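In my numbering, the protein residues as written are 3 to 159. Let me begin by presenting the structure, written as structure tokens, before commenting on it.
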Amino acid sequence: MESMQNPQAVIDADTFSVRRTIDIQAPRDKVWRTVTEPELISQWFGEVTLDGAGAGALGTIGWPGERRVPIRVETYDPPSEVSYRWCNEDGPLPETVDERRSTVFTFTLEETSGGTRLTVVETGFERTSHPAALMADHRDGWDGELDKLVALLERRA
């Protein structure tokens with residue numbers, strides 16, 4: 003199958019959010035596993051560890067050469083929606099997720115005739131010390147990370 007070009011992430015400054023919707027030529031159950039199972043998430047996103055599965059699971063996420071940040075599964079509704087809360091501030095990180103210094107990103111999955119439509123929305127930037135800078139950074143991050151997700155899944159589809 004030939005991969006489609008997906009639109010880039012966009013910032014909504016009024017709602018302090020970043021959104022990106024992509025189409026993936028892979029079944030929804032495969033996409034679901036790849037956005038919820040730590041060993042699969044680690045193949046396209048940061049290295050994730052979680053102490054369990056489902057809402058309330060705690061862990062960390064990190065990239066090579068960077069610090070590991072606390073992460074928590076907020077919602078878990080297979081195979082349609084999962085959300086994660088993570089810390090984004092500079093400076094010392096708390097041992098676990100700090101509601102006052104974190105954002106939430108939500109993956110929503112819909113079946114399509116060609117596979118799966120995945121939308122990620124990250125919210126809560128108004129609680130950070132540098133909302134505009136973090137939104138721009140995360141917009142670029144979602145572009146790169148979700149492009150890796152598409153490449154991984156479409157290579158295996």
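The beta-carbon is built from N, C-alpha and C at its ideal position, and this holds for glycine as well. Bear in mind that the values here come from a model prediction, so they are computed numbers and not experimental data.
Straight through space, the alpha carbons of V152 and G93 are spaced by roughly 33 Å.
For T118, the closest alpha carbon among the candidates V12, Y78, I24 is that of I24. Setting aside the 5 residues that flank it on each side, R141 is surrounded in the same chain by A11, I13, V20, each with a C-beta closer than 6 Å to its C-beta; the list follows chain order.
Between the region 127-146 and the region 49-65, the count of C-beta pairs closer than 8 Å stays below three; the two stretches do not touch. For E49, the closest C-alpha among the options T108, V33, E68, G116 is that of E68. V33: not part of any beta strand (DSSP E); member of the alpha helix (DSSP H) spanning 30-38, first to last residue. Within the model, the alpha-carbon separation for W144 versus C89 is close to 16 Å.
Its chain contains L42 as the residues whose beta carbon lies nearer than 7 Å to that of R35, once the 5 sequence neighbours on both sides are disregarded; these appear in chain order. Comparing C-alpha distances from T105 to each of I73, V84, S115 shows the shortest one belongs to I73. Using a 10 angstroms sphere on the CB of R102, the tally of other CB atoms stays under 16, which defines it as exposed. If you compare the alpha carbons of E124, K150, T110, W65 with that of D31, the shortest gap goes to T110.
Looking at the DSSP output, S104 shares a beta bridge with C89. Less than 9 Å divides the Cβ of L60 from the Cβ of T98. Comparing alpha-carbon positions, the option among E113, S115, R70, P80 lying closest to P96 turns out to be R70.
Distance check between D100 and each of E113, T121, T62, V122 places T62 closest, using alpha-carbon atoms only. Judged by their CB atoms, E124 and I26 are not nearer to each other than the 9 Å cut-off.
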